[in-house]
Every structure is written in structure tokens, then in C-alpha cells.
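Start counting the first sequence at 1; every next residue gets the next number (my numbering). Glycine residues also receive a C-beta, built at the ideal position from the N, C-alpha and C atoms. Bear in mind the structure is a predicted one, so any value in this text is a computation, not a measurement. Notes to accompany the following structure.
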Amino acid sequence: MAKSDPNTAEPAEVRSHFIREKIEADVRAGKHGGRVVTRFPPEPNGYLHIGHATSINLNFGMAAAFPGGICNLRFDDTNPEAEDVEYVDAIQQDIRWLGFDWGDRRYFASDYFQQLFDFAIRLIEKDLAFVDSSSLEEIRKQRGNFYEPGTESPHRGRSIGENLDLFRRMRAGEFADGAHVLRAKIDMQSPDLNLRDPIMYRIRKVHHHRTGDEWPIYPMYDFAHGLSDAIESVTHSLCSLEFVDHRPLYDWYLEACETEARPEQTEFARLNLNYTVLSKRRLLQLVEERHVSGWDDPRMPTLCGIRRRGYPPEAILQFCDEVGITKRDSVVDIGLLEHFVRDALNFGAPRAMGVLRPLKVVIENFPEGRVEELDAPFHPNDPSFGSRKLPLSRVVYVERDDFMEEPAKKWFRLAPGSEVRLRYACLITCTDVIKDPKSGEVVELRCTWDPDSLGGAPADGRKVRGTLHWVSAEHAVEAEVRLYDRLFKEENPSAGGGDFLASLNPDSLEVLSGCQVEPSLASAQSGDRMQLERIGYFCVDRASASAGKLVLNRTVGLRDTWAKEAKRASS
RNA sequence: UCCCCGGUCGUCCAACGGCAGGACAACAGACUUUGAAUCUGUGAAUCGUGGUUCGAAUCCACGCCGGGGAUCCA
1 MAKSDPNTAE PAEVRSHFIR EKIEADVRAG KHGGRVVTRF PPEPNGYLHI GHATSINLNF
61 GMAAAFPGGI CNLRFDDTNP EAEDVEYVDA IQQDIRWLGF DWGDRRYFAS DYFQQLFDFA
121 IRLIEKDLAF VDSSSLEEIR KQRGNFYEPG TESPHRGRSI GENLDLFRRM RAGEFADGAH
181 VLRAKIDMQS PDLNLRDPIM YRIRKVHHHR TGDEWPIYPM YDFAHGLSDA IESVTHSLCS
241 LEFVDHRPLY DWYLEACETE ARPEQTEFAR LNLNYTVLSK RRLLQLVEER HVSGWDDPRM
301 PTLCGIRRRG YPPEAILQFC DEVGITKRDS VVDIGLLEHF VRDALNFGAP RAMGVLRPLK
361 VVIENFPEGR VEELDAPFHP NDPSFGSRKL PLSRVVYVER DDFMEEPAKK WFRLAPGSEV
421 RLRYACLITC TDVIKDPKSG EVVELRCTWD PDSLGGAPAD GRKVRGTLHW VSAEHAVEAE
481 VRLYDRLFKE ENPSAGGGDF LASLNPDSLE VLSGCQVEPS LASAQSGDRM QLERIGYFCV
541 DRASASAGKL VLNRTVGLRD TWAKEAKRAS S
């Protein structure tokens with residue numbers, strides 16, 4: 001076998017990228033004392049999705065790639081209005097699930113509110129910040145626009161003493177929301193609008209999920225982020241491309257505050273995937289408007305969603321590595337993710353048999369009451385998985401789709417008169433087709449078996465092309481199966497500024513009840529993954545426990561070249 | 001009209017002045033008790049125009065195309 005077991009295999013050769021190269025060069029040059037400290041900085045205002053996995057993998061991965069490297073988890077919780085502990089908990093769970101560990105280095109930007117405040121005082125004392133009492137509209141007007149420079153605030157010339165006094169009183173809660181802001185004194189003429197006297201603090205008398213009502217003022221992202229990095233002695237602050245324009249400001253704050261550590265910001269392109277949306281706003285909308293059952297709906301691109309769907313974390317990591325890190329903004333085919341999911345599950349998931357849409361088959365020359373116990377391996381190419389016994393009896397179920405009354409060409413499954421193999425069991429030949437007299441629907445097949453083919457191999461060695469999955473009717477376990485398809489019909493649901501909900505795929509979920517699966521699955525536990533042979537990979541949904549029945553989620557289907565050919569022939 | 005970042009097979013990534021290569025997808029075949037997996041093979045790209053150079057995907061200029069940037073969000 002070319003590929004070995006994923007548990008023992010070397011990780012695929014490490015693909016380099018410009019950030020890894022930069023860090024290597026920095027370490028070689030002894031920059032930042034030769035240390036590597038990164039951080040993953042989620043805002044706790046939403047659930048993590050597959051796009052975040054790129055950043056998590058990068059930040060934790062780079063830290064792990066260098067001796068002594070560390071990666072902090074830091075919640076960027078400077079805007080209490082949207083943030084919540086619910087998200088903090090979920091985010092931690094998702095990162096752990098991906099396999100990363102921040103040790104005891106779980107931080108919050110809000111842990112630094114006092115230090116940040118002190119930095120702000122220092123900037124005022126250096127006459128690099130001032131309290132502006134302009135209204136929101138006035139400040140917006142002062143900022144100018146892309147084509148016109150800004151104008152200085154009339155309060156820009158306040159004395160240091162007055163600024164200090166005002167800012168302290170802002171902190172003390174003496175003023176109403178919006179009465180004043182603290183602004184950095186930079187350059188209203190700058191072509192980079194971020195440098196036009198950006199706001200550092202605003203008054204917001206709202207409850208913070210960690211600091212409670214202690215602070216009536218909250219720092220803005222640009223001020224808080226770089227300084228938080230500096231406080232943590234982060235060396236490499238990796239973020240997405242939309243912050244490129246903020247880098248001069250990031251550096252300005254560090255310089256102005258004369259921080260000891262001088263972290264460097266480097267930007268990379270965030271992940272885009274076709275047939276899905278990856279914006280917090282849209283994901284939140286899907287949840288709130290009940291287009292999906294929740295954040296962990298298996299159709300969601302959230303980490304909890306794909307976890308429930310059955311995607312193994314190592315597949316996601318491999319996907320991240322394969323996609324790489326660049327500054328180009330690109331759209332990755334969801335098929336690549338599915339490839340890695342299949343790849344991981346092919347090696348890691350035991351096989352089982354289950355019939356989604358049962359068609360009854362009576363084996364007429366199989367004695368009533370006889371049960372054959374047949375040995376079937378849990379994995380065709382890995383004996384370490386062991387095997388189980390499959391009971392074979394006179395009545396079995398096969399997949400409805402595996403029978404064609406008028407077979408297509410190159411069809412080698414069941415059809416009147418055709419001989420097929422029941423996997424690991426025996427050869428059967430279809431002798432009769434029984435239909436519902438009213439509807440004409442095929443309701444039962446009558447077959448005969450070759451008793452000398454027990455186990456699936458005919459005594460005379462004749463070739464039988466078709467092999468079908470099946471279950472013994474009297475031994476089968478009933479299950480509900482949820483078939484998932486892509487959530488959106490369009491490659492880019494958000495294209496053209498139109499309503500992304502318009503491209504929601506109405507067939508993204510199909511629930512099948514009355515499915516029949518082999519008895520060994522009766523003991524399957526929530527989260528267990530398996531391949532249902534010839535159909536796809538599945539995992540046991542957490543609803544199984546409460547529903548009192550087996551509920552399986554289809555993680556991803558098997559590649560199906562027959563379906564592809566059939567589709568081509570019909571079109 | 002301003003600033004910033006990008007443009008390499010259908011898609012994603014590599015090639016760091018010296019044979020444009022890999023992965024996914026596609027296609028053809030081998031093997032097969034999963035029409036899976038595996039194996040073999042095929043087709044498929046440097047945005048354009050100039051310039052520098054013995055030699056340019058790579059450096060320079062101009063153009064074109066795409067993305068981002070004006071919140072008391074991050």
C-alpha cells in the first residue's frame with residue numbers, strides 16, 4: 001500500500017509558505033531573540049468555522065514548528081455588545097477538537113484593560129492622544145473620504161492637562177455614551193484613513209462578559225490588538241488581509257507606547273470555499289432565521305457543524321496544509337475538503353452494511369429458519385480492524401437502487417435473471433419480480449442461491465461482476481439516516497450582492513427512516529464513524545441517544561463512477 | 001477620482017534569473033468479493049505590451065483584471 005496508516009504515517013511533507021519562510025529567516029537572524037510566539041485571537045461573538053481552522057492551524061502550527069515556540073489563545077473581547085461566554089466555551093472546544101493546546105495561556109484582551117488604559121495615559125502625556133468631544137457625525141465628516149483629506153478636530157489642541165482630566169473622568173463614568181472619545185494624534189492628511197486620528201477609546205456603559213460593569217470605556221481594535229500582542233510578547237502576529245491597511249497603525253501604537261516587545265504583523269488571505277458562506281453575519285442569519293437547526297447543523301461550515309457531520313479533524317488539518325498560505329484571494333473547491341475527509345475515513349473507518357431504501361429479497365431455495373454466520377472483516381485492507389459475524393437468512397434486504405427491471409447497458413447489479421454476489425455471503429440469481437398490482441411498484445424479488453458460494457466465492461471460480469450490500473431481514477436493526485448535500489446551489493451564494501438565501505439548496509437535507517442496518521451497529525455510540533459499504537461514510541448523530549434509535553449522518557458519499565456514467569448517458 | 005494587496009492548468013499550491021512541477025477535479029486503462037480504495041497513463045496554465053538579461057513566471061515600466069480599505073466593529 002502506498003499510503004500507510006494515518007496514525008503511524010509521517011505527516012505529508014511539510015509545505016512551506018511565505019510566512020513560514022519569514023519566521024525561519026527571523027529565527028535564523030536572531031530577531032525577537034530567536035523566539036517564536038504566535039496567538040490565535042478570536043472575538044467571542046460567533047462560532048468558529050472552517051476558515052478559522054486555517055488560522056488556528058497556522059498559528060499553532062508555526063509555534064509547534066520551532067523549538068520553544070508557543071501559541072496563545074487570546075479572546076479579543078473589546079466590544080462587549082456582541083460578545084458572550086457561550087462563544088468562549090464553544091471556541092475552546094473547537095480548537096481542542098482540532099487537536100491544539102494552548103496550555104495555561106488562555107488570555108483575554110479584557111485582562112489588559114488596566115494596562116491599556118495606562119498606555120493611553122502615556123500617549124496623552126506625550127501629546128500623542130487627545131479627547132475629542134465631537135459627535136459621531138462630526139468625526140465622520142472630519143475623517144474625509146478616499147479622495148479627500150480629513151480635517152483636524154477643533155479639540156485637537158486641548159492641553160495635556162485637560163486631556164488627562166477628561167480621559168480620567170471618562171474612565172470614572174462621568175460622561176454619557178458618545179460624549180467623548182480618545183483619539184490618537186497622527187495625521188488627518190494621510191492617504192491611509194486608518195491614520196487619520198483614529199479612535200482609541202469610546203464610552204460604552206454596557207456589561208462586559210468578563211469585566212462586568214467595571215469599565216465604562218472600551219478600547220478599539222487597533223489600539224488594543226497590537227498592544228495586547230506586545231504585552232504577551234508575541235513575535236509574529238498573523239492576521240488576514242483586510243488588516244494590511246492597519247499595519248502602519250499597529251506599528252505606530254507600539255512605537256508611540258514604547259513597548260518592550262515589538263511584534264510584527266503579517267497578513268495572509270483568508271479561506272474561501274465554494275457552495276458555502278463563511279461570514280459570521282451570514283452564518284448567524286442562517287441560525288437565527290432557522291434555515292438550519294443550529295450552529296452545529298451538519299450542513300454548516302462551522303467546526304461544530306462539520307464535527308457533527310463526521311469530518312475527522314485530521315482531514316481538516318490536511319486540507320489546511322494542502323490549501324496553503326498565500327496573499328492571493330482564492331476560492332477553494334469544497335471537493336478538496338471532501339477528498340481529505342474520504343481519505344482519512346477510508347483508512348480510519350470500519351466497514352458495515354446497511355440498506356437505505358430496502359427491497360425485500362426472498363431466497364427461495366434457502367431453508368426456512370436456517371441462519372448462516374459469515375465472517376466479514378471490518379476493513380478490507382487492514383486486518384487489524386478485526387471482523388464480525390454477519391447472519392444470513394432466507395429473507396434479506398438489498399438496496400432498491402441496485403435492482404433494475406430493464407437493466408441499462410454495463411449494468412452488473414440485480415436484474416431479472418442476473419446473478420450477483422451478496423457481499424461476504426453468497427451468489428444469488430433473480431428469478432422473479434413481484435409488483436404491487438395497483439401501483440406497479442416492485443415490492444419483492446424472488447431469488448435462488450448457489451449453496452456452494454458461501455462466503456461469496458463460487459466453487460467453480462466463475463466471475464460475478466456485481467457485489468451488493470445487504471442485511472438479513474430478521475436480524476436487521478432499524479435506523480434513521482440523514483443525507484446531507486451542499487447547503488447552497490450556487491458556487492458563490494453571496495455573488496452579485498443578491499440575497500444569499502435565494503441560493504439555499506432545498507434538498508440539502510433528506511431524512512430516510514426505516515433504513516435497515518446490520519446487527520453489529522446496534523451498539524454504536526454517538527460520534528462513531530463507519531463506512532456503509534458502497535454508500536458512503538456515516539457517523540452516529542448525538543440525537544441517537546434521545547431518539548432511542550440509531551440516527552446516522554452521512555458524512556460524505558463514496559465516489560460513484562457508476563452514477564457519473566449513468567448521468568452522462570442520460571444527458 | 002485616493003491608498004493598499006494580488007494575478008501560474010478547471011480549482012488550490014510550487015518553481016525565489018536557468019527543463020513551468022504537485023494536489024484535487026477530468027479523461028483512459030489495470031486490478032477488484034465496495035462500480036470504493038489502490039496502480040498506470042493522458043489532456044490541461046505563466047493577464048497584456050514593452051524593457052533589462054546569454055536567459056524572465058520570477059526584475060523594471062505602463063496597461064488590464066480581481067480583491068480590500070471611509071463603523072465610537074473586529
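Taking only the alpha-carbon atoms, compute the straight-line gap between residue i and residue j and give it to the nearest angstrom.
i, j, result
"Leu136", "Asp177", "11 Å"
"Glu364", "Trp411", "24 Å"
"Arg308", "Asp297", "7 Å"
"Gln115", "Asp84", "23 Å"
"Gly348", "Tyr484", "21 Å"
"Tyr397", "Lys549", "19 Å"
"Tyr147", "Leu123", "29 Å"
"Glu338", "Tyr87", "27 Å"
"Val511", "Leu487", "15 Å"
"Val362", "Ile325", "57 Å"
"Gly335", "Leu58", "22 Å"
"Ser240", "Leu504", "27 Å"
"Glu125", "Thr266", "30 Å"
"Phe268", "Arg299", "27 Å"
"Met188", "Tyr112", "29 Å"
"Asp560", "Ser418", "22 Å"
"Asp118", "Leu227", "11 Å"
"Asp76", "Pro42", "6 Å"
"Gly456", "Arg423", "6 Å"
"Pro519", "Phe378", "13 Å"
"Thr211", "Pro154", "34 Å"
"Val556", "Tyr275", "15 Å"
"Trp102", "Ile316", "19 Å"
"Lys389", "Ile70", "49 Å"
"Lys3", "Arg529", "Low per-residue confidence applies at Lys3: pLDDT is 33, beneath 50, and the placement is therefore not dependable enough to give any value."
"Glu24", "Ser546", "51 Å"
"Gly305", "Leu521", "23 Å"
"Glu21", "Ile91", "29 Å"
Take the Cβ of residue i as the centre, count every other Cβ of all protein chains shown within 10 Å, and call the residue buried at 16 or more, exposed below.
i, result
"Asn145", "exposed"
"Glu565", "exposed"
"Phe660", "Missing from the structure shown is residue 660; the chain here goes from 1 to 571 and no further."
"Gly161", "exposed"
"Glu314", "buried"
"Ser571", "exposed"
"Ala569", "exposed"
"Gln576", "Here the chain comprises residues numbered 1 to 571, so residue 576 is not present and cannot be evaluated."
"Gly461", "exposed"
"Asp104", "exposed"
"Ile186", "buried"
"Ser16", "exposed"
"Ala9", "Residue confidence for Ala9 is low, a pLDDT of 36 falling below 50, so the modelled location carries little weight; the figure read from the coordinates is stated next. Exposed."
So residue i and residue j are in contact, right, with Cβ under 8 Å, and what is the actual spacing, rounded?
i, j, result
"Cys539", "Leu356", "The Cβ separation is near 15 Å, so there is no contact."
"Gly354", "Leu468", "Not quite, the Cβ-Cβ distance comes to about 12 Å (not below 8 Å), so this is no contact."
"Asn194", "His246", "5 Å"
"Phe130", "Arg156", "6 Å"
"Val37", "Glu232", "7 Å"
"Arg394", "Arg370", "7 Å"
"Leu392", "Leu414", "Rounded, the Cβ-Cβ distance is 17 Å, inconsistent with contact."
"Leu278", "Gly51", "5 Å"
"Tyr221", "Thr78", "6 Å"
"Cys430", "Asp450", "Wrong, their Cβ atoms sit about 13 Å apart, outside the cutoff."
Going by DSSP, name the residue or residues bridged to residue i.
i, result
"Thr555", "Answer is none; Thr555 lacks a bridge partner."
"Glu478", "Gln516"
"Tyr537", "Gln531 and Val556"
"Asn72", "Arg39"
"Asp450", "Leu427"
"Tyr484", "Leu509"
"Val287", "Note: Val287 sits in no beta bridge, so no partner."
"Trp562", "In the DSSP output, where bridge partners are listed per residue, Trp562 has none listed."
"His49", "Thr302"
"Thr467", "Arg421"
For residue i, verify whether its CB is less than 7 Å away from any heavy atom of the ligand GTP.
i, result
"Gly178", "The ligand GTP is not among the ligands present in this structure, which contains no ligands whatsoever."
ask   = Hey, which unbroken runs of the beta strand (DSSP E) at 3 residues or more fall wholly within the region 107-167?
value = Complete beta strand (DSSP E) runs here, min 3: 129-132.
task = Go through the region 192-277 residue by residue and report every complete run of the alpha helix (DSSP H) that reaches 4 residues or more, in order.
result = Scanning the region 192-277 from its first residue to its last, the whole alpha helix (DSSP H) runs of 4-plus residues come out as 221-231 and 247-257.
Completely contained beta strand (DSSP E) runs for the region 331-403, where each covers 3 or more residues = Inside the region 331-403, DSSP marks whole beta strand (DSSP E) runs of 3 or more residues at positions 358-363, 372-377, 387-392 and 395-399, from first to last along the chain.
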